[in-house]
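>
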Amino acid sequence: MHVRGFTLVELMVVVGIIGILSTIVVAGLGSSRKESRDAKRYSDLINVDIGLKLYYNDNGSYPSTGGSWWTVCTNGADPTPRDTSGANGYVPNLAPAYIAVLPTDPSGCVSGGSFKGYIYRSNGTNYKLSTDWSAEVGTKCKLGQNFADPRRTTESQHTFCSVYSQGAADW
Numbered sequence: 001m002h003v004r005g006f007t008l009v010e011l012m013v014v015v016g017i018i019g020i021l022s023t024i025v026v027a028g029l030g031s032s033r034k035e036s037r038d039a040k041r042y043s044d045l046i047n048v049d050i051g052l053k054l055y056y057n058d059n060g061s062y063p064s065t066g067g068s069w070w071t072v073c074t075n076g077a078d079p080t081p082r083d084t085s086g087a088n089g090y091v092p093n094l095a096p097a098y099i100a101v102l103p104t105d106p107s108g109c110v111s112g113g114s115f116k117g118y119i120y121r122s123n124g125t126n127y128k129l130s131t132d133w134s135a136e137v138g139t140k141c142k143l144g145q146n147f148a149d150p151r152r153t154t155e156s157q158h159t160f161c162s163v164y165s166q167g168a169a170d171w
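Counting with full-length UniProt numbering, you get residues 1 to 171 for the letters of the sequence shown.
1) With respect to the beta strand (DSSP E) encompassing Y120, which residues constitute its N-terminal and C-terminal limits?
2) Buried or exposed, going by whether 16 or more other CB atoms sit within 10 Å of the CB of D38?
3) Tell me, please, which residues DSSP counts as bridged to W171.
4) Please give the ranges of any beta strand (DSSP E) in the stretch 29–95, keeping only runs that are unbroken, at least 3 residues long and fully inside the region.
5) List the whole-angstrom C-beta distance separating T104 from G89, where the pair is believed to meet the contact cut-off of C-beta under 8 Å.
6) Please state whether DSSP places S22 in a helix, a strand or coil.
7) Flag this pair as touching only if the stretch 12–27 and the stretch 85–99 have three or more C-beta atom pairs under 8 Å; answer yes or no.
8) Relative to the C-alpha of S107, which candidate in S68, I119, G51 and R41 has its C-alpha closest?
9) Just the Cα atoms here: how many angstroms apart are G66 and V72?
10) Is it right to say A100 is buried, meaning 16 or more other beta carbons lie within 10 angstroms of its own, or is it exposed?
11) Provide the residue span of the beta strand (DSSP E) that contains Y98, from first to last.
12) Starting from F160, trace the beta strand (DSSP E) in both directions and tell me its first and last residue.
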């Protein structure tokens, strides 16, 4: 009686094919995750922008940072890390009354430049909330979209996406 099974060569071919297919799937997931983080950034900008408009309607001004940039991350924009809620929130007093909690960047406090995560600036009359897209290598804010930051208008420089009031366009 002769028992027939798989040869070593056949098993190695099958393992090799599975390895190649899994590499392709993992590579595809990487770009999907990047696009998901970008979508979250756009969503976060919109939600905070809505909260700021609600705050303005109730208070007649925007939450002020005294004209300096505030962020939840320690970096060149703000050496003092802020909270995601309350008076010490990086958008002071916006959360939890106008938004449940201030969002943080889906990649955390990483960036290719001196700004990390979401940064906010307001003098009470105007505001700007930005995120540095260079945390995602090769990602740029979509030019021509509502989020395009007018101070960074060329393709090579355009890594920031922002929401802002009219008077803060040049910040």
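Just so it is clear, CB atoms sit at the ideal spot from N, CA and C, and this is done for glycine as well.
The relevant details are as follows:
1) Residue 120 sits at position 120 when you count from the first residue of the sequence shown. Y118 to S122 is the extent of the beta strand (DSSP E) around Y120.
2) Stepping through the sequence shown from its first residue, residue 38 is reached at position 38. Around the beta carbon of D38, 16 or more other beta carbons sit within 10 angstroms, so the residue counts as buried.
3) Locating residue 171 in the sequence shown gives position 171, where the first residue counts as 1. Beta-bridge annotation (DSSP): W171 is not paired with any residue.
4) Counting only runs of at least 3 residues, the stretch 29–95 fully encloses the following beta strand (DSSP E) elements, listed from N- to C-terminal order: 69–71.
5) In the sequence shown, the residue the question calls residue 104 occupies position 104. In the sequence shown, the residue the question calls residue 89 occupies position 89. Contact doesn't hold; Cβ gap of about 11 Å is too wide.
6) The residue you call residue 22 lines up with position 22 of the sequence shown. When secondary structure is reduced to three states using DSSP, S22 falls in the helix class.
7) No, the stretch 12–27 is not in contact with the stretch 85–99.
8) Numbered from its first residue, the sequence shown carries residue 107 at position 107. For S107, the nearest C-alpha among the options comes from R41.
9) Sequence index remark: in the sequence shown, residue 66 carries index 66 (1-based). Sequence index remark: in the sequence shown, residue 72 carries index 72 (1-based). Within the model, the alpha-carbon separation for G66 versus V72 is close to 16 Å.
10) By one-based count along the sequence shown, residue 100 stands at place 100. By the 10 Å Cβ count, A100 comes out exposed.
11) Here residue 98 corresponds to residue number 98 of the sequence shown, with the count starting at 1. Careful: Y98 lies outside any beta strand (DSSP E) and carries neither H nor E.
12) The sequence position of residue 160 within the sequence shown is 160, counting from 1. For F160, the enclosing beta strand (DSSP E) covers residues F160 to Y164.
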